[in-house]
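Its first residue numbered 492, the sequence shown is counted upward by one per residue in my numbering.
Shown next, in structure tokens, is the structure this report addresses.
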Amino acid sequence: MSVTVLPKRTWPGAVTGVFILFALFIVVGCTSSTDSVADTTRFSGTPPTSGAATSSTTDQFAPFTNIGPDLGGPAEIFNRYPGVVIFDFDRDGDLDFYVTQAEINAPLEVARGGPNRLFRNDGNGRYTEVAGAAGVAAADHNSTAVAACDFNNDGYQDLYVGAQGRIGDNLDFGSVDDVPGLRRVIQDRLYLNNGDSTFTDITDSAFGTRANVRSTGSIACGDVDGDGWLDIYVGNRADVDFVRFDTPAHSGNFNLMYRNNGDLTFTDITIESGLLGPEIVMRDSDGFPITFPIQGGEFEIEGFDPSIVDDNGNPVGDPTSQTWATLFFDHDNDGDLDLWVANDGDRIQVYRNDTVEGRIEFRNIAHEMGVDQSGAWMGFALGDFDGDADLDIFVTNIGFNSLVRGRPSSPGGDCTYAHQFDWGTCFHYLLRNDGVREIEGVGTVGVFPDVAGSTQIEPSAALPPESLTPSNIESFWQVPTGLAAYDFGFGTVFFDIENDGDQDLYWLGAIIARGEGPGGMLFPGFGRMLQNIGGGKFRDITVESHLIDSQGVDYSKTDPSEPGFDRLAQRMGPEFHENGKGLAKGDLNGDGFVDLIGTNSSGEIFDEPG
């Protein structure tokens, strides 16, 4: 896999990773079915000059520059689901970043990783890898998502590092104590920042026996009860050995809500807070639930088959969905943090915070808000795209890619099956914040209509989405329009690319493999950079901004009408895409422009034509 850091402008090839970091929360992307090798790539930028790409005097921007190669050997990481977080760990005034790797002792050679990486920003574009000295290398840990949050209010951000099940052992979390040492490998860790550029692992004292072992996909930090201490919500997916979406049974693992007690200990309040995930919504073609018997046939449950067990005979998963993205966000402006959860093969959940006098309680109101379609939801971006002084939400999905192929013949967790019905979609959401309304018996709910289909995009001349040609869409599907017509997405961010005061949108993402590898063209995605041009409209500047998520792209000619332009020879397009997963943003070089770190799951490529 590879990690890509982009300080404003240029994106070179492979990147790796699985999540995005915004302020207090992290968004994690989906999964790749191939093992990954990653190299860390950083993109750096400078203010636009007279030679910068431009469409008007107010829309000038300079292309990104990939500075990942400057990191040298430590930039390369090995992880199927690498995490990345940008934060100032030593409080010296500049931004450092941390990247996770797979465990070094994995039984399968292809699943082995190495120590996690902490890159200290030394200024002038230079970084030093200091994870070992800082005590956060964690080479024996099967690390995934990571969040940087100050849990003891000492002014230094601590690290919560998620983990996933050991790849290839065919053991789910229920078998964690059946194998000596396995808990150490797959249990999440909490590292306390000592304030002297070192960290201490306080997992055992902080969580006791309640530390998470359910394959973390994302982590959100926020003070949900207003007591001044940051609490933790952990979004869990499924152990990679048991992930599948081609059957009605495609369960994940329960997410966890930890309350910060203010003394560096945490209490699991998942059940009493109302945050134990609901069962999967899995319906047949007539709209009836597809259920499986539990507890000796006394009950039926959707989307979860308790007869599926691991090699030790323990049940696989929990009766709930697979979470990829989590977001704390006060969407109803009532002064407390609500919780948004994006699930793969299931519905988005929106939990309104109804906490009163320290009693933490959430209520799922996604259905009442009309944002509960089933999809392959993977990432959140939060930003005011329409400039009306409130925050809107972009949610990534598989996109149009499935619509160029046949209709699924049997029920399963693939969003292409759900897309056939009004309760499912493969298209991205662009949820415009229109305030709140009152519903009798429910109370206040947010009003967030999906405007993706009506949001106009001026397409790229060099790389328009395939879906803009209606004949490419199979006749039984409705032809998508606007932003809904665009391709696969995992990690995503709103940011102001040219510092003109409005929010632009970038995402990357793919699944299965790189474009030049086995299965890589099933769900291709090479990233999209959409420039906000006002009036609720965007322009696709992916090529001009040098943000194609591919290796070895030749940007010497970006206009198809320019003599010598050759898309394939210049390695532009889905044929060459990397396996994008996550994004992080921050001004890494202190020039006043937002920089990006992008991550990809890499993998095999064909070694000869044909």
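For glycine and all other residues, C-beta sits at the position ideal for the given N, C-alpha and C.
Beta-carbon proximity list for residue i, same chain, < 7 Å, skipping 5 on both sides
i, result
"Pro539", "At Pro539, the pLDDT of 44 sits below 50, so the modelled position is not reliable; the number obtained from the coordinates is stated separately. The residues are Gln551, Phe552, Ala553, Glu989."
"Arg838", "Val772, Ala857, Asp863, Gln864, Ser865"
"Tyr618", "Leu562, Phe610, Arg611, Asn612"
"Gly1081", "Asp585"
"Asn661", "Asp732, Asp801, Asp802"
"Asn952", "A quick correction: the sequence has Ala, not Asn, at residue 952. Excluding residues within five positions, the ones whose Cβ falls inside 7 Å are Asp1050, Pro1051."
"Gly717", "Asp827"
"Asp775", "Ile781, Pro902"
"Asp821", "Asp827, Leu828, Asp829"
"Ser764", "Met748, Ile851, Glu852, Phe853"
"Arg735", "His741"
"Arg1058", "Ala953, Gly1064"
"Ile792", "Glu770, Thr782, Phe783, Ile785, Pro810"
Whether residue i touches residue j by CB criterion (8 Å)
i, j, result
"Gly1010", "Gly1000", "no"
"Leu818", "Val862", "no"
"Ala729", "Ser706", "yes"
"Pro955", "Met1012", "no"
"Asp978", "Gly890", "yes"
"Pro797", "Ile781", "no"
"Phe733", "Gly794", "no"
"Ala872", "Phe985", "yes"
"Met860", "Val847", "no"
"Val704", "Ile677", "yes"
"Leu828", "Asp714", "yes"
"Arg582", "Gly656", "no"
"Phe555", "Gln648", "no"
"Phe853", "Leu747", "no"
"Phe876", "His919", "no"
"Gly726", "Ala625", "no"
"Ala697", "Asp679", "no"
"Trp720", "Asn844", "no"
"Phe1067", "Gly1008", "no"
"Asp1031", "Pro950", "yes"
"Thr635", "Thr694", "no"
"Ile1002", "Phe1014", "yes"
"Gly1077", "Asp993", "no"
Cβ-based neighbour list, residue i, same chain, cut-off 8 Å, excluding 5 preceding and 5 following
i, result
"Arg675", "Asp631, His632"
"Val627", "Tyr589, Asn607, Leu609, Leu650, Val652, Tyr682, Phe690"
"Pro806", "Asp663, Gly665, Pro797, Ile799, Val800"
"Pro940", "Gly861, Leu922, Arg923, Asp925"
"Phe779", "none"
"Leu882", "Phe820, His822, Leu873, Gly874, Asp875, Asn924"
"Thr935", "Asp823, Asp825, Arg843, Val927, Arg928, Glu929"
"Asn963", "Val895, Glu957"
Residues near residue i by beta carbon distance below 6 Å, same chain, minus five either side
i, result
"Thr972", "Gly944"
"Trp968", "Leu894"
"Ala867", "Asp835, Asn888, Ile889, Cys906"
"Val576", "Leu512, Tyr589, Val637, Ala639"
"Ser812", "Gly743, Ile771, Asn834, Asp837"
Rounded distance between the beta-carbons of residue j and residue i, thought under 8 Å
i, j, result
"Thr887", "Phe981", "6 Å"
"Val938", "Arg928", "5 Å"
"Asp995", "Leu974", "With a Cβ gap of about 13 Å, Asp995 and Leu974 do not count as contacting."
"Arg1062", "Ser1041", "6 Å"
"Ala593", "Cys712", "At roughly 24 Å, the Cβ-Cβ gap does not stay under 8 Å, so Ala593 and Cys712 are not in contact."
"Tyr571", "Ile658", "Correcting the residue identity first, residue 571 is Arg in this sequence and not Tyr. Contact holds; Cβ gap of about 7 Å."
"Met869", "Ala909", "Their Cβ separation, rounded to whole angstroms, is 15 Å, which puts Met869 and Ala909 out of contact at 8 Å."
"Ile851", "Arg701", "In fact, because the Cβ distance is near 16 Å, the residues do not count as touching under 8 Å."
"Tyr997", "Leu959", "Not a contact, Cβ separation roughly 20 Å."
"Thr1090", "Pro573", "6 Å"
"Gly897", "Glu965", "7 Å"
Residue i: CB within 7 Å of a non-hydrogen atom of the ligand MG
i, result
"Thr814", "Absent from the structure shown: the ligand MG. Ligands present: none."
Whole runs of the beta strand (DSSP E) within the segment 576 to 622, excluding any shorter than 3 residues: Restricted to the segment 576 to 622, the beta strand (DSSP E) segments that are unbroken, complete and at least 3 residues in length are 587 to 590, 608 to 614, 617 to 620, listed in chain order.
Touching or not, the segment 591 to 600 and the segment 747 to 759, by the rule of three or more beta carbon pairs under 8 Å? These segments do not touch.
I'd like to know if the segment 735 to 749 and the segment 763 to 779 are in contact, where contact means that at least 3 CB-CB pairs between them fall below 8 Å. Yes, they touch.
Fully enclosed by the segment 930 to 1000, which beta strand (DSSP E) runs are 3 residues long or longer? Listed in chain order, the complete beta strand (DSSP E) runs (minimum 3 residues) inside the segment 930 to 1000 are 934 to 937, 983 to 986, 995 to 998.
Could I get the ranges of all uninterrupted beta strand (DSSP E) runs contained in the segment 772 to 801, with 3 residues as the minimum, in chain order? Qualifying beta strand (DSSP E) stretches, in chain order: 782 to 785, 790 to 793.
Identify every run of the beta strand (DSSP E) within the segment 1028 to 1067, keeping only runs that are complete inside it and at least 3 residues long; order them along the chain. Unbroken beta strand (DSSP E) stretches of 3 residues or longer found wholly inside the segment 1028 to 1067: 1028 to 1031, given in chain order.
Curious, which full-length beta strand (DSSP E) runs of at least 3 residues does the segment 834 to 909 contain? Counting only runs of 3 or more, we get 840 to 844, 853 to 855, 865 to 867, 870 to 874, 883 to 887.
In chain order, what are the residue ranges of uninterrupted alpha helix (DSSP H) at least 4 long that sit wholly in the segment 693 to 750? Entirely contained in the segment 693 to 750, the alpha helix (DSSP H) runs reaching 4 residues are, in chain order, 694 to 698.
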